[in-house]
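Presented below is the structure to which this report refers.
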Amino acid sequence: MLNKYYWWQYTLIVLFIIIGVIYSLPNIYRDIPIVKINILNKNFSQKKIIINIKKKLSSNKIHYKKIFFKNNNISIIFNNIENQLRAYEILKKDSSKKYIVIVKLISSIPRWLSFLRAKPIRLGLDLRGGIYFLLRVNDNYIFQKLREQNIEDLKLILKNKNISFKLKRSNNFNYKIFFKNNNIRDKTKKYLNNQNNNFINYNIIKNGLLVSMKKQWFLDLKKSIIENNINVLRKRVNQIGISDSIVQKKGTNNIVIELPGIQNILEAKEILGSTATLEFHLVDNNMNNLQNKNFSYYLWNNNVPIFLDKKIIIDGSNIIHSNISRNEYNQPQVNIFLDKKGGDILSKFSEKHIGDNIATVLVNYINSNKKDIKGHFIQYKKEEIINIATIQSKLNDSFKITGLKNIKEANKLSILLRSGSLSAPIQIIEEQNIGPSVGKENIRQGIKACIIGISICIIFMIFYYHVFGIIAIIALFINLIFTISFLSLLPGATLTMSGIAGIVLALAIAIDANVLINERIKEELNNKISIQKAIDYGYKGAFSSICDANITTLITSCVLYSLGSREIQGFAITTFIGILTSMFTSVIITRAIVNIIYGGKKIKKLPI
1042 MLNKYYWWQY
1052 TLIVLFIIIG
1062 VIYSLPNIYR
1072 DIPIVKINIL
1082 NKNFSQKKII
1092 INIKKKLSSN
1102 KIHYKKIFFK
1112 NNNISIIFNN
1122 IENQLRAYEI
1132 LKKDSSKKYI
1142 VIVKLISSIP
1152 RWLSFLRAKP
1162 IRLGLDLRGG
1172 IYFLLRVNDN
1182 YIFQKLREQN
1192 IEDLKLILKN
1202 KNISFKLKRS
1212 NNFNYKIFFK
1222 NNNIRDKTKK
1232 YLNNQNNNFI
1242 NYNIIKNGLL
1252 VSMKKQWFLD
1262 LKKSIIENNI
1272 NVLRKRVNQI
1282 GISDSIVQKK
1292 GTNNIVIELP
1302 GIQNILEAKE
1312 ILGSTATLEF
1322 HLVDNNMNNL
1332 QNKNFSYYLW
1342 NNNVPIFLDK
1352 KIIIDGSNII
1362 HSNISRNEYN
1372 QPQVNIFLDK
1382 KGGDILSKFS
1392 EKHIGDNIAT
1402 VLVNYINSNK
1412 KDIKGHFIQY
1422 KKEEIINIAT
1432 IQSKLNDSFK
1442 ITGLKNIKEA
1452 NKLSILLRSG
1462 SLSAPIQIIE
1472 EQNIGPSVGK
1482 ENIRQGIKAC
1492 IIGISICIIF
1502 MIFYYHVFGI
1512 IAIIALFINL
1522 IFTISFLSLL
1532 PGATLTMSGI
1542 AGIVLALAIA
1552 IDANVLINER
1562 IKEELNNKIS
1572 IQKAIDYGYK
1582 GAFSSICDAN
1592 ITTLITSCVL
1602 YSLGSREIQG
1612 FAITTFIGIL
1622 TSMFTSVIIT
1632 RAIVNIIYGG
1642 KKIKKLPI
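The sequence shown: position 349 = 1390 (the numbering used here), numbered continuously.
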């Protein structure tokens, strides 16, 4: 029979709609702004701290919804982000003395939705507010370090072979070695090629060799440096409890970080922009080391001169975990846990050097006032001795670092160590702080655009196509639900203003499909065929046109996504999803509704 679906087809359609509604539901629940306070010293009375917090909030006229104590943490719930951030700024002033203050957004989604893995759409910075960083990876440092290491190795090899030479460094990580004659050069090249240096090229030049890194090895290392830095930065973001963040590569040497919902740009810069890592060196205060190139001279603790062996015992790459605590004198300390390799090295070293001193050096890269030819600040290496301890006995894979100024510094160091060491120094070259009010206004404008667009469509469709117009509008709302649920389910999808524009466009295309169907039905009715056949021919005849138009739009969306920036990608992905769902809602769902109302019935006039 014409215009009839089987019962299982209706069941599937209803099931799809129910699933779409369920997975779009989380978007109606707002995140709850919360300030979490972790009490550091158990000797402090939690009741006194809560009373003190309440006094500070009331004196500054900051309204909160609820305050409670659980698992040695105090949580304060607020009605809005503005009050949350104001409270954070006030409470963090005492954080180094008594507690650590953390800003969070807690989901208010019901448990049954969480059980079904239903999540809201991730909002971009332009809709939620937050912080944007563009970081430049200074991989030149790594290549220079590798070149110098290779030069030292080569010097040792040639010295052992009693080969005299002169060395000249180049600006592009290459260097030249010159010999007395070409015969020595050729023999040296042959010998060096047999040393299994898989990443070094030795090219013949006049009276010498040009030593360079192999291009593919160079590119692979460059890629590896960027990827490792991205992984470390992601860990740092996770350590400070920021959800829905974006950390990804941009171009060849840049990394983009987006932190939605975060407003304190200084604290984010301290954690994410830091290149800090630890190095452990042997201390030797013999003044004869002043002329020894294997030792570095430092001033420590009221300008006391000390000498550190340049050889690194272990560094941040050997640290697998760290946390903070207080010692018997109530001073902050960082507890360090090493991997097996680091533990073995430290164990063997400490066994041989009982009674000697070992220094903990915090290494960082700081921007200088000078800029390079590209306009980027030149970084210099800053080393700070934070602790010198005497090796009393054989050490294992865990130890403690003391000598830190306060608990805030200890917590920062612990976060950096837990997240791992950067492969190469990074530099913040661009930063933006987008306030939550801007995000709210953008959401308001986006919703307004959707409402206006849909309202115009509703008026036109109902006025022009009557009942069939109403059916098209029902399908339009179902299409919107499907689009939202797909965006919620899609891993890594982020909704931005450009994404909202894509949704509006997809809704317009969905309506256009129904216009094609309705016009085709009207044409068939004008040909004086039966109403049932007109409906059937109308849907079948319009389907090919709808498919052709939508396939070209889908291809365009794919091209935009693959070649465009993040903003264009946001537009492309919402358009792509909206087009796919519109082909289902505009054709199958409207046909199902039409079949229920008119299918198999004797109708004298079709309201279209």
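For glycine and all other residues, C-beta sits at the position ideal for the given N, C-alpha and C.
Which residue wins for smallest C-alpha separation from residue i, given the options the options?
{"i": "Asn1101", "options": "Lys1088, Phe1156, Leu1126 and Asn1079", "result": "Leu1126"}
{"i": "Pro999", "options": "Glu1268, Asn1120 and Asp1227", "result": "The structure shown has nothing for residue 999, since the chain only spans 1042 to 1649."}
{"i": "Asn1014", "options": "Ile1091, Ile1058, Lys1263 and Leu1349", "result": "In the structure displayed, the chain extends from 1042 to 1649; residue 1014 sits before or after that span and is not available."}
{"i": "Pro1346", "options": "Phe1504, Lys1352 and Tyr1338", "result": "Tyr1338"}
{"i": "Ile1637", "options": "Asn1222, Leu1454 and Ile1576", "result": "Ile1576"}
{"i": "Tyr1505", "options": "Ile1587, Ile1475, Asn1559 and Asn1483", "result": "Asn1559"}
{"i": "Leu1463", "options": "Glu1299, Ser1358 and Lys1435", "result": "Ser1358"}
{"i": "Met1502", "options": "Ile1493, Ala1513, Ile1492 and Gln1573", "result": "Ala1513"}
{"i": "Val1324", "options": "Leu1313, Ser1627 and Leu1340", "result": "Leu1340"}
{"i": "Asn1269", "options": "Asn1295, Ile1198, Glu1482 and Ser1391", "result": "Asn1295"}
{"i": "Asn1520", "options": "Arg1071, Cys1491 and Thr1626", "result": "Thr1626"}
{"i": "Ala1490", "options": "Ser1539, Ala1465 and Asn1235", "result": "Ser1539"}
{"i": "Gly1619", "options": "Gly1543, Glu1565, Asp1553 and Lys1574", "result": "Gly1543"}
{"i": "Asp1227", "options": "Asn1213, Phe1214, Ser1211 and Lys1247", "result": "Lys1247"}
{"i": "Asn1124", "options": "Gly1165, Ser1099 and Ile1467", "result": "Ser1099"}
{"i": "Gly1444", "options": "Gln1372, Asn1568, Val1076 and Thr1597", "result": "Gln1372"}
{"i": "Asn1567", "options": "Lys1646, Thr1401 and Gln1257", "result": "Lys1646"}
{"i": "Ser1388", "options": "Asp1350, Phe1057 and Gln1433", "result": "Gln1433"}
{"i": "Ile1495", "options": "Tyr1580, Ile1353 and Ala1551", "result": "Ala1551"}
{"i": "Thr1594", "options": "Leu1621, Ile1609 and Phe1206", "result": "Leu1621"}
{"i": "Ile1271", "options": "Val1297, Phe1321 and Pro1067", "result": "Val1297"}
{"i": "Asn1344", "options": "Gln1610, Leu1250, Ile1426 and Ser1455", "result": "Ile1426"}
On the criterion of 16 or more Cβ atoms from any shown chain inside 10 Å, does residue i qualify as buried, or is it exposed?
{"i": "Asn1179", "result": "buried"}
{"i": "Ser1065", "result": "buried"}
{"i": "His1104", "result": "exposed"}
{"i": "Gly1641", "result": "exposed"}
{"i": "Gly1510", "result": "buried"}
{"i": "Pro1532", "result": "exposed"}
{"i": "Lys1186", "result": "exposed"}
{"i": "Phe1156", "result": "exposed"}
{"i": "Arg1152", "result": "exposed"}
{"i": "Phe1109", "result": "exposed"}
{"i": "Pro1654", "result": "Outside the displayed range of the chain (1042 to 1649) lies residue 1654, so it cannot be described from this structure."}
{"i": "Leu1043", "result": "exposed"}
{"i": "Ile1492", "result": "exposed"}
{"i": "Arg1071", "result": "exposed"}
{"i": "Gln1257", "result": "exposed"}
{"i": "Glu1299", "result": "buried"}
{"i": "Leu1197", "result": "exposed"}
{"i": "Lys1133", "result": "buried"}
{"i": "Leu1260", "result": "exposed"}
{"i": "Ile1614", "result": "buried"}
{"i": "Asn1498", "result": "Here residue 1498 turns out to be Cys, not Asn, going by the sequence shown. So Cys1498 ends up on the buried side."}
{"i": "Gly1396", "result": "exposed"}
Quick check: what's the CA-CA separation for residue i versus residue j?
{"i": "Thr1524", "j": "Val1252", "result": "57 Å"}
{"i": "Asp1356", "j": "Thr1318", "result": "7 Å"}
{"i": "Ala1583", "j": "Leu1557", "result": "6 Å"}
{"i": "Ala1159", "j": "Ala1534", "result": "14 Å"}
{"i": "His1362", "j": "Arg1459", "result": "5 Å"}
{"i": "Arg1561", "j": "Val1288", "result": "49 Å"}
{"i": "Val1055", "j": "Ile1484", "result": "30 Å"}
{"i": "Gly1605", "j": "Thr1052", "result": "40 Å"}
{"i": "Ile1115", "j": "Gly1170", "result": "26 Å"}
{"i": "Ala1547", "j": "Trp1049", "result": "29 Å"}
{"i": "Tyr1046", "j": "Phe1518", "result": "22 Å"}
{"i": "Tyr1578", "j": "Ile1634", "result": "16 Å"}
{"i": "Ile1069", "j": "Ser1286", "result": "21 Å"}
{"i": "Lys1449", "j": "Cys1599", "result": "47 Å"}
{"i": "Lys1381", "j": "Ser1391", "result": "15 Å"}
{"i": "Arg1277", "j": "Leu1313", "result": "7 Å"}
{"i": "Leu1166", "j": "Asn1093", "result": "35 Å"}
{"i": "Asn1213", "j": "Ile1172", "result": "35 Å"}
How many whole angstroms separate the CB atoms of residue i and residue j, which I take to be in contact at a CB cut-off of 8 Å?
{"i": "Lys1217", "j": "Lys1209", "result": "5 Å"}
{"i": "Gly1384", "j": "Asn1428", "result": "So it is not a contact: roughly 19 Å between Cβ atoms."}
{"i": "Lys1290", "j": "Ile1266", "result": "About 11 Å; that fails the 8 Å criterion."}
{"i": "Ser1529", "j": "Pro1067", "result": "6 Å"}
Quick one: does residue i have its CB under 8 Å from some CB of chain C?
{"i": "Glu1189", "result": "Among the chains of the structure shown, chain C does not appear; only one protein chain is present."}
Exercise for the section: Go through the region 1566–1609 residue by residue and report every complete run of the alpha helix (DSSP H) that reaches 4 residues or more, in order. Expected result: Correct list: 1572–1604.
Problem - beta strand (DSSP E) segments (min. 3 residues) lying fully within the region 1434–1466 - result: Those beta strand (DSSP E) runs which fall completely within the region 1434–1466 and span 3+ residues are 1439–1442.
Practice task
Quick one: which unbroken alpha helix (DSSP H) runs of 4-plus residues sit fully inside the region 1128–1158? Chain order, please.
Solution key: 1152–1156
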